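S.K.: Just dropping this structure here.
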Amino acid sequence: MYTAPCVVEGYLSQANALYRVNLATGNSTTIYTSTDSNTGDGINSLAYNPLDNYLYCTIRGTNPETMGRLSFDGRIQRLFTLPTNTTQRRFYVGDITPDGQYWTASQSNGWQWLKVNFAPGTANYGQIVDSGSTSLPASPFTTNGGGIQDWAYVPTAGNNLFAPWSDSAGVTYLYYFSLDTYTWAQVGVLSQNTVANAKWNAVWASNDGFLYGSEGNTGQIWKFTIRGGLAAQRIVTGPPSSLADGARCYTNTTAIGA
């Protein structure tokens, strides 16, 4: 198995393909299209582990759904079966915190989340160590065809996973899932005018505390300020995406666009 380099670009999975996306220019490079069989809807819940430099994912659209580790040559190592069934929406968001804990979730009968330990050399490595469900904020989970599409841990922004959501007028809000209380909360409005009914299929965090999002329908890439006030800035247009998710090595200290 081959690790993924800790580069300034963001990683984007779309169905069975993996891309590297320059968040400043929008240019993307195909790393591989996996020929692995039995992947259903493909790779999702993508996350970069800063402790071992592997990309982790869920393999969505199969029953049972599985947890996977991606090799940089296109192979997928299936690790274990996830607790899902055909009546549930599958796990589709993912990120890994600095302590090597992988967080994924599914919108089904509330917000169902899992915590998997991927800290090398620790007890219970590679196992589900916690799980639960919580109620959902009304707006982003009952409208706009699915609500939250991805989340990301942002350095220096607390023990939280952040996610943008946009309404039918293009007003974009910032939410976070607290890893201390396992509940959702709204931070506030990022912008009054981004993309109507946006699908933020992929989000990435930078080492200097910003959140970046790719809107799937248009490919627009936005930079979100989430500390010291909220703001949104359209950066560039990148690749449109569906059945997609984002991951980034947020320990990379090179400024995006430098």
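For the sequence shown, the numbering used here assigns the number 1454 to the initial residue and increments by one for each residue that follows. For each residue, glycine too, the CB sits at the ideal point set by N, CA and C. As the structure is a prediction and not an experimental result, all values here were calculated from the model.
Where do the ends of the beta strand (DSSP E) carrying residue 1520 lie?
M.R.: Segment 1519–1523, the beta strand (DSSP E) holding residue 1520.
S.K.: CB-CB under 7 Å to residue 1622, same chain, minus the five flanking residues each way: which ones, in chain order?
M.R.: For residue 1622, where only same-chain residues beyond five positions count, the Cβ hits under 7 Å are 1649.
S.K.: With a floor of 4 residues, list each alpha helix (DSSP H) that falls wholly inside the stretch 1529–1613, ordered by position along the chain.
M.R.: Listed in chain order, the complete alpha helix (DSSP H) runs (minimum 4 residues) inside the stretch 1529–1613 are 1591–1595.
S.K.: Taking DSSP as the reference, what is the three-state secondary structure of residue 1512?
M.R.: Residue state, collapsed to three classes: strand.
S.K.: Are at least three pairs of beta-carbons, each pair with one atom in the stretch 1551–1562 and one in the stretch 1498–1509, less than 8 Å apart?
M.R.: Touching, yes.
S.K.: Look at the Cβ atom of residue 1628, then the Cβ atom of residue 1526, and state whether they are nearer than 8 Å.
M.R.: Contact flag unset, no.
S.K.: Measuring alpha carbon to alpha carbon, tell me which residue in 1588, 1520, 1547 and 1706 is nearest residue 1636.
M.R.: Of the candidates 1588, 1520, 1547 and 1706, the one whose C-alpha sits nearest the C-alpha of residue 1636 is 1588.
S.K.: Just to check my reading of the structure: residue 1508 and residue 1472 have Cβ atoms closer than 8 Å, yes? What is that Cβ distance to the nearest angstrom?
M.R.: About 12 Å; that fails the 8 Å criterion.
S.K.: Cutting at 6 Å between CB atoms, please list the residues of its own chain near residue 1659, excluding the five before and the five after it.
M.R.: Here the set comprises 1709.
S.K.: Just reading off the beta strand (DSSP E) that residue 1686 is part of, what are its end residues?
M.R.: From DSSP, the beta strand (DSSP E) with residue 1686 extends over 1684–1690.
S.K.: Which partner residues of residue 1623 appear in the DSSP bridge assignment?
M.R.: Answer is none; residue 1623 lacks a bridge partner.
S.K.: So which of 1585, 1586, 1584 and 1569 has the shortest CA-CA distance to residue 1578?
M.R.: Selected option, being the one with the closest Cα: 1569.
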